[in-house]
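Trainee: Taken in order, these protein sequences are the chains called A and B.
5 is the number of the first residue of the first sequence in the working numbering; add one for each residue after it.
1393 is the number of the first residue of the second sequence in the working numbering; add one for each residue after it.
Sharing a structure, written as structure tokens. Questions coming.
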Amino acid sequence: MSLKKKINLFSFRSILEENVIISYKGPFDRHILFVIGDYIKTTIGKNSKASKKIFNIFIELAQNISYYSAEINKLDEKKEIGVGTLVIGDHKNYYTFRTGNVVKKNDIIPIINKCELINSLDRDSLRKFKREQRALPPSENDGAHIGLIKVALTSSNPLDFQITNIDDDFSYFSISVKINK
Amino acid sequence: MESLKIEGSHGAFFVPFVDFNANSGRCELSGESYLENTSEFYDKLLEWLETYMENIKKPIYFNIKLTYFNTSSSRAILDILNLLKSYEDDGGQIRVNWYYEEDDLDMEEEIEDYIFDTDLDINKKAF
């Protein structure tokens, strides 16, 4: 197998913001998640309110990727683990937490609708929405949705999301949230 | 009836510490909750409480000191609180204390949402 093209990591470096503290692309496997989670708790923000919030957001968005990403890693033959990208940025007054993953075209509309609905609600309505989703029996609720509601509540900022076309079957879903320091 | 004790652990997943005492009715759930199989874990707790309610029928003092739980754990916690509420509605005596770090406004809000959802008299205790 020959490489399609040479990869120069310099171009990867230049598209990331200067103040990135973690960037990761690969399977959202529990061993990797443990290390990143531990780093967030102990090192980023040193157990401050912000680090708690980042950790909360990290768990929900990482779980969404490991369960729902359309890009699958088959390193472990017994398990299918979702692949995605995660980038944490450190700014003067806030942190940014971004994740991205491949999604099937059919799943795009429900995701957009959910994010737009979440962004249209004030905090009290969002809490009510979370309670409604939580009270639904497991067969009727979608874990990814309550996770996104929790992310919006924890960050206290809108979900900044983008969809990019890949081909006829797949798109790329990118989400970014801001966590105030 | 036997007491239920689970030592919490911190690895790739977080298992909360559980100490449900069949003699005193004191039940503690603390630490962090992020599990590989959430319902399997919490079903044990629910079963223990149901057995206590059916057989021992004494007061339950339920203390929660969770500093973190993910959204799937939050559903299971709702099931526990609903069960305690139904025990109370059927004449059982309960007291629920929920301890949280004073500056953790997100956790305080979670407790308020549980009070709203369950109509249970949860004592919020900041520390």
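Beta carbons: idealized from backbone N, C-alpha and C, even for Gly.
Since we're looking at a predicted model, the values are computed, not measured.
Beta-carbon within less than 7 Å of F133(A)'s beta-carbon, same chain only, minus the 5 sequence neighbours each way: which residues are those?
Mentor: The answer, listed in chain order, is L125, I153.
Trainee: From the beta carbon of H35(A), is the nearest beta carbon of chain B less than 9 Å away?
Mentor: True, the Cβ-Cβ gap to chain B drops below 9 Å.
Trainee: Do G93(A) and I25(A) have their C-beta atoms within less than 9 Å of each other?
Mentor: Against a cut-off of 9 Å, the Cβ pair of I25(A) and G93(A) comes out as a contact.
Trainee: Between the C-alpha atoms of M5(A) and L65(A), what's the straight-line distance to the nearest angstrom?
Mentor: Per-residue confidence for M5(A) stands at a pLDDT of 48, beneath the threshold of 50, marking its modelled position as unreliable; the derived number appears in the next sentence. Taking the straight line from one Cα to the other gives about 34 Å.
Trainee: Between K185(A) and Y99(A), is the Cβ-Cβ spacing less than 9 Å?
Mentor: Yes.
Trainee: Evaluate the contact criterion for the stretch 1450-1460 of chain B versus the stretch 1422-1440 of chain B: three or more CB pairs, one atom per stretch, below 8 Å.
Mentor: Touching, yes.
Trainee: Measure the C-alpha to C-alpha separation of E84(A) and I76(A) and round it to an integer number of angstroms.
Mentor: Each residue's Cα considered, the two are about 6 Å apart.
Trainee: Relative to the C-alpha of N123(A), which candidate in Q137(A), V155(A), K56(A) has its C-alpha closest?
Mentor: If we check each option's Cα against that of N123(A), V155(A) comes out closest.
Trainee: Measure the alpha-carbon distance for R127(A) versus D1498(B) and round it to whole angstroms.
Mentor: Those two C-alpha atoms are separated by around 12 Å.
Trainee: Is it buried or exposed for G49(A), if we count other Cβ within 10 angstroms and need 16 for buried?
Mentor: By the neighbour-count rule (16 or more Cβ atoms within 10 Å), G49(A) is buried.
Trainee: State yes or no: is the C-beta of S159(A) nearer than 8 Å to some heavy atom of the ligand NAP?
Mentor: In the structure shown, the ligand NAP is absent, as is every other ligand, since no ligand is present at all.
Trainee: Under a CB-based cut-off of 9 Å, is Q166(A) close to chain B?
Mentor: It does not; no Cβ of chain B falls within 9 Å.
Trainee: DSSP three-state call for K56(A): helix, strand or coil?
Mentor: Here K56(A) sits in helix by DSSP.
Trainee: Going by C-alpha distance, which of L20(A), N23(A), F62(A) is nearest V39(A)?
Mentor: Minimum Cα distance to V39(A) is reached at F62(A).
Trainee: Mark H149(A) as exposed unless 16 or more other C-beta atoms lie within 10 angstroms of its C-beta, in which case mark it buried.
Mentor: Counting Cβ neighbours within 10 Å, H149(A) comes out buried, since at least 16 surround it.
Trainee: At the level of alpha carbons, what is the spacing between N1413(B) and G1403(B)?
Mentor: Cα to Cα, the separation comes out at about 26 Å.
Trainee: Sort out for me which residues DSSP pairs W1490(B) with in a bridge.
Mentor: Looking at the DSSP assignment, W1490(B) forms a beta bridge with I1456(B), K1516(B).
Trainee: So, helix, strand or coil for Q67(A), using DSSP?
Mentor: Of the three classes helix, strand and coil, the one that applies to Q67(A) here is helix, per DSSP.
Trainee: I need the straight-line Cα distance from G1484(B) to L1441(B), nearest angstrom please.
Mentor: Going by the C-alpha atoms only, they are around 12 Å apart.
Trainee: Is F14(A) buried or exposed, if buried means 16 or more other CB atoms sit within 10 Å of its CB?
Mentor: With fewer than 16 Cβ atoms within 10 Å of its Cβ, F14(A) is classed as exposed.
Trainee: Hey, is D1496(B)'s beta-carbon within less than 9 Å of any beta-carbon in chain A?
Mentor: Chain A, which has a Cβ nearer than 9 Å to the Cβ of D1496(B), makes this yes.
Trainee: Considering only the beta carbon of each residue, do K1517(B) and N1489(B) sit closer than 9 Å?
Mentor: Closer than 9 Å, so yes.
Trainee: Could you name the residues that DSSP lists as bridge partners for Q166(A)?
Mentor: Paired residues: S178(A).
Trainee: In the stretch 1453-1475 of chain B, which residues sit with their C-beta less than 9 Å from some C-beta in chain A, listed in chain order?
Mentor: If the cut-off is 9 Å between Cβ atoms, the stretch 1453-1475 of chain B has T1459, Y1460, N1462, T1463, S1464, S1466, R1467, L1470 near chain A.
Trainee: When you compare each of M1393(B), Y1444(B), Y1492(B), L1475(B) to T1510(B) by their alpha carbons, which one comes out closest?
Mentor: For the residues M1393(B), Y1444(B), Y1492(B), L1475(B), the minimum Cα distance to T1510(B) belongs to L1475(B).
Trainee: Between the Cα of Y1444(B) and the Cα atoms of S1416(B), S1465(B), S1401(B), E1432(B), which residue gives the shortest distance?
Mentor: Comparing Cα positions, the closest option is S1416(B).
Trainee: When the distance is taken between beta carbons, is D1471(B) closer than 9 Å to L1438(B)?
Mentor: Yes; because the gap between Cβ atoms is below 9 Å, this pair is in contact.
Trainee: Mapping DSSP to helix, strand and coil, what is K108(A)?
Mentor: Note: K108(A) maps to strand in three-state DSSP.
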